[in-house]
Amino acid sequence: MPNYNYEKIREHYHSLTEIKKIFEDAAIKTGVIDGSLISEYEEFIEEAENDLPGLLKDFDETNYFSHVGGKTRYYRVEGIKVHIARNLGALKVKLDNTVNTPVTEAKSFHFVGDDSLRIILERDYQEIQKGIIAGNWKSAIILCGGSIEAILLDLLQKDQTTAKTSSKAPQEPNLDKWNLDDLIEVAVETDLVNKGAAKLSHSVREYRNLIHPGVELRSKLNVEPEEAKIAVEVLNILIRELA
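Going letter by letter, the sequence shown gives residues 22 to 264 in the working numbering.
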C-alpha cells in the first residue's frame, strides 16, 4: 500500500472541495458545464495521480458528454458530481486514517530530573508531532513553548543556589514563578544552555501565551505552519543540546 504524503492529501482534498463548488455554481441554471471546466478537472486528476498514485478514480469525459453548442462541448454535471464525491471520499478516508495513526518519533528526556515531568514531556512530544501532522499549529506551538519552559525550569532547579545568584536572575525567589525569558537568560548565564539554542528559544516566548485567546487578538501573532515548525525545531535543538 502506498505511503501517501499527508500534506498532499490535504492539499488535494481542499482543492477538490473548491472544484465541486465551482461545478455546482456553473450548472445551477442548465445542469451542464462547458469543456473548459472539464479540462480543469482532468488537470487536477493528473496532478493528484502524480502526487497520490492510484488513490483517485480515473476520469473519462465521454461518459458525461451532453451536447455541442456552437464550438463548445457541454457535459452533464450530475454524473461528474458523483465522480467528484467518490474522489472526495477517498481523500477524506486517507486524511482520517493518517491523522488517527500518525507516524511519530519518540524522544528521550533522560536529562530531566523529575520523573513525573519526564513522563509529561514524553507524552506532550507525541502530541506536538500529531498536532503538526493534523495541521493544529496553535496547539503545537503552545505545547512546544510549555515543554521548553518545563525543561529549563527542571534544569535550573537542579542547582537553585547558582540559578538564584545569577546576575540574570529576577527578584522573585520562587523559580516556579519565573517566566520563559528569565529561565532562558539564567540558563545561558550559568552555561547550562548555549547562546545559539537560547536565541532560538526567545523566538517562542511570545507564543507561549497564545493559550489565552485575548493575547492572540491583541498581539496579532501569526499561527501558521512556519511558526509551528520553528517552535518544534527549537525544542529539538534544546533536547539535542541537553542529551
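Even for Gly, the Cβ is constructed at its ideal location relative to N, Cα and C.
Buried or exposed for residue i, please, with buried defined as at least 16 other CB atoms from any protein chain shown within 10 angstroms of its CB.
i	result
Q150	buried
D212	exposed
I140	exposed
D17	What is shown of the chain runs 22 to 264, which leaves residue 17 out entirely.
A190	buried
V207	buried
V114	exposed
I252	Correcting the residue type first, residue 252 is Ala in the shown sequence and not Ile. So A252 ends up on the buried side.
List the whole-angstrom C-beta distance separating residue i from residue j, where the pair is believed to meet the contact cut-off of C-beta under 8 Å.
i	j	result
A264	W158	Rounded, the Cβ-Cβ distance is 26 Å, inconsistent with contact.
E63	F44	About 13 Å separates the two Cβ atoms, so there is no contact after all.
V209	E262	About 11 Å separates the two Cβ atoms, so there is no contact after all.
L142	F130	5 Å
I30	E61	Not a contact, Cβ separation roughly 20 Å.
H33	A69	5 Å
I172	Y27	Contact flag wrong, Cβ pair sits at about 28 Å.
If you drop the 5 nearest sequence neighbours on each side, which residues of the same chain put their C-beta closer than 7 Å to that of residue i?
i	result
A48	I54 and V98
L196	L174, L177, Q178, Q181 and A184
K216	V209
Taking 6 Å as the limit between beta carbons, can you name the residues of its chain near residue i, skipping five residues before and five after?
i	result
G152	S160 and A161
E82	I59
D145	L164 and S168
Within the same chain, show all residues whose beta-carbon is closer than 8 Å to that of residue i, passing over the 5 residues directly before and after it, in chain order.
i	result
K78	H104, R107, N108 and A111
G52	R97, V98 and E99
G134	D175, Q178 and K179
F65	H33, S36, L37 and I40
In three-state terms, what does DSSP make of residue i?
i	result
I270	In the structure as shown, the chain begins at 22 and stops at 264. Residue 270 is therefore absent and cannot be evaluated.
Y95	strand
F130	coil
V225	helix
G100	helix
S160	helix
V209	helix
F80	coil
V244	coil
V89	strand
Y146	helix
G75	coil
V255	helix
K198	helix
The ligand SAH and residue i: does the residue's C-beta get closer than 7 Å to at least one heavy atom of that ligand?
i	result
E64	No copy of the ligand SAH occurs in the structure displayed, which carries no ligand at all.
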